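Engineer: My questions all concern the structure below.
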Amino acid sequence: MIYLGADHGGYTLKEEIKAYLTEQEIPFVDCGTDSKDSVDYAPIAQKTCLKMLADPDKASRAVLCCGTGIGISMAANKIHGIRAACCSDYFAAKYTRLHNDANVLCLGGRVVGAGLACELVDVFLHTDFEGGRHQRRIDQIAALENGEDLNRA
Ligand code: RB5
2 MIYLGADHGG
12 YTLKEEIKAY
22 LTEQEIPFVD
32 CGTDSKDSVD
42 YAPIAQKTCL
52 KMLADPDKAS
62 RAVLCCGTGI
72 GISMAANKIH
82 GIRAACCSDY
92 FAAKYTRLHN
102 DANVLCLGGR
112 VVGAGLACEL
122 VDVFLHTDFE
132 GGRHQRRIDQ
142 IAALENGEDL
152 NRA
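Here our numbering runs 1 ahead of the position in the sequence shown, where the first position is 1.
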């Protein structure tokens, strides 16, 4: 399942991504917001990410949109288990899956147009994590979440 969330700055892009996912017959859950009225991005990030994390399907993903994609990615990355990547180019959207096993894609509604955004969503959803040496690095990120000292002797 794909979980979508946006503040007012990302609302229009979210709606365009919904149209794309519908066309592709990819199921999604819209976690708001539902209009262009001003709304804070951190609660939207939290609601969307917690729903994604509660989904028993570990292949579930989230796509979050705000004006820049940055604020909502910062908020999402404060949530345990979230690896959110703010992307505005194809290479980054692909490699954040291959190398970072990102589970949340963040997009800027004032940065990328709908055509590029849908390409980014597409490659993000259809690229698998490479594992191998990258798994060690993902484990280190998880250890940071748990307050572990990565530089201990
Ligand atoms: C809202 O105006 C804007 O600050 C927000 O959408 C986002 O761009 C923050 O990072």
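C-beta atoms are modelled at their ideal positions from N, C-alpha and C, and glycine is treated no differently.
Everything numeric in this text was worked out from a predicted model, so none of it was measured.
If you measure from each CB to the nearest heavy atom of the ligand RB5 and keep those under 5 Å, what residues do you get, in chain order?
Structural biologist: Qualifying residues, in the order they occur: Asp8, Gly10, Cys67, Gly68, Thr69, Ile71 and Gly72.
Engineer: Output the boundary residues of the beta strand (DSSP E) element that contains Gly109.
Structural biologist: Your numbering for residue 109 matches position 108 in the sequence shown. Note, Gly109: beta strand (DSSP E), Val105 to Gly109.
Engineer: Spatial neighbours of Ile73 within its chain, please: C-beta separation below 6 Å, excluding the five flanking residues on both sides.
Structural biologist: Looking up residue 73 in the sequence shown gives position 72. Contacts found: Tyr42, Ala46, Leu65, Cys67 and Cys107.
Engineer: Kindly give me the distance between the Cβ atoms of Val105 and Ala77, rounded to whole angstroms, as I take these residues to be in contact under 8 Å.
Structural biologist: Translated into positions along the sequence shown, residue 105 becomes position 104. Translated into positions along the sequence shown, residue 77 becomes position 76. The Cβ separation is near 5 Å, so the contact holds.
Engineer: What is the residue span of the alpha helix (DSSP H) that Phe125 lies within?
Structural biologist: As a working note, residue 125 is residue 124 in the sequence shown. Counting along the chain, the alpha helix (DSSP H) containing Phe125 begins and ends at Ala115 to Leu126.
Engineer: With a cut-off of 8 Å, do at least 3 Cβ pairs link the region 111–126 to the region 13–27?
Structural biologist: The region 111–126, when compared against the region 13–27, does touch it at the 8 Å Cβ threshold.
Engineer: Would you mind sorting Arg62 into buried or exposed? The rule is 16 or more other CB atoms within 10 Å of its CB.
Structural biologist: Here residue 62 refers to the residue found at position 61 when the sequence shown is read from its first residue. With 16 or more other Cβ atoms within 10 Å, it is buried.
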